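Reading through the structure tokens given below for one structure.
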Amino acid sequence: MPQTHELSTAALYVDNLLTDAQQALATNNLNKAKELYKQALEVPGSHPEREAKIREAVKQYSEQIAKQDEPDWQLAHEALSLLDHFALDNDETHTWQRNLSLEQADFLLGQENLDESFQIFDALMQHEQTNPDKLKAEISKKVRVNMSQHADNSKWPLLRQIIERVRELRLGESELQEWLETISKVLTAVETTDQAKKEREKQLMDTLTWEKQRFQKITYTLGAILALVLLVYTLILLYLWFNL
């Protein structure tokens, strides 16, 4: 009985520490949560759900930060890094970290921050060893979705830049390459149409400017003639006035 009571007391202590840590995360106090997790992991005895609870709590907190309108990506990454710090990382947590980086790159791409987004994509591809083909497929999907959104907003110069960045990644996905070729042809057609439209607009503006100048000259000439007529009429009246 004393041993059972001692075990239940230790388990309760661990649960309290984990609860306090979760409350610390709720207030973005990552340092306090880190210290509480450290204390919970140092409690002796068998606590089979302790590590799983810590992983899940940290994962949910990181996801919550990433889903904000203006995500604090550094904080989200720091939260997941706690699992590495306490040697709680495994294949699943590594997937979480990779997915978080993908979400960050996707968000930055949507914000038209091509430099940082493609730096993340490139870093992920360089470090991925478990399933590189799956990663390439995920990157390709995110790129296609973002490009479709930019196309809907007629952001043609931006699309041209994205195409060049994607080709530099060398994703090697045939479907994506065919899609990029199609988009490139559409962009070329749009750019040609835009150039022709700009030339027509310039010709129209030149014509309007010329007509405006011609109208101003006519108006000036008519005004001068009218002034001269009024002057002659005034002189005639004065002549008649003094000679009658």
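For what it's worth, the numbering used here labels the leading residue of the sequence shown as 1393, then goes sequentially. Just so it is clear, CB atoms sit at the ideal spot from N, CA and C, and this is done for glycine as well. Because the structure is a prediction, the values reported are computed rather than measured.
Query raised in the report: Roughly how many whole angstroms lie between the Cα atoms of K1459 and W1488?
Result: Those two C-alpha atoms are separated by around 14 Å.
Report task. List in chain order: all unbroken beta strand (DSSP E) runs of 3+ residues lying wholly within the region 1500-1559. Result -> none
Report task. Identify whether D1412 lies in helix, strand or coil by the three-state DSSP scheme. Result -> helix
Query raised in the report: Is DSSP giving F1478 helix, strand or coil here?
Result: coil
Query raised in the report: What residues in its chain sit with their C-beta under 7 Å from that of S1509, if we drop five residues either side in the sequence?
Result: A1497, L1500 and L1501
Query raised in the report: Taking L1417 as the reference, which of K1430, V1406 and A1449 has the closest Cα?
Result: A1449
Query raised in the report: What residue range is occupied by the uninterrupted alpha helix (DSSP H) comprising K1430?
Result: L1422 to E1434
Query raised in the report: Are I1554 and L1516 close, meaning C-beta to C-beta below 8 Å?
Result: no
Query raised in the report: Can D1412 and L1422 be called in contact, C-beta distance under 8 Å?
Result: no
**Report entry** Three-state secondary structure (DSSP) of T1401
**Finding:** helix
Query - Within 8 Å, strictly: CB atoms of L1409 and E1443 - result: Against a cut-off of 8 Å, the Cβ pair of E1443 and L1409 comes out as no contact.
Query - C-alpha distance - N1635 paired with V1624, whole-angstrom precision - result: 16 Å
Report task. Check whether the Cβ atoms of L1494 and E1530 sit closer than 8 Å, and answer yes or no. Result -> At a Cβ-Cβ threshold of 8 Å, L1494 and E1530 count as neighbours.
Query raised in the report: Which residue's Cα is closest to the Cα of E1434: Q1415, V1621 and F1478?
Result: F1478
Query raised in the report: Mind checking whether the beta-carbon of D1464 lies closer than 7 Å to any heavy atom of the ligand NAP?
Result: For the structure depicted, the ligand NAP is absent and the ligand set is empty, with no information on it obtainable.
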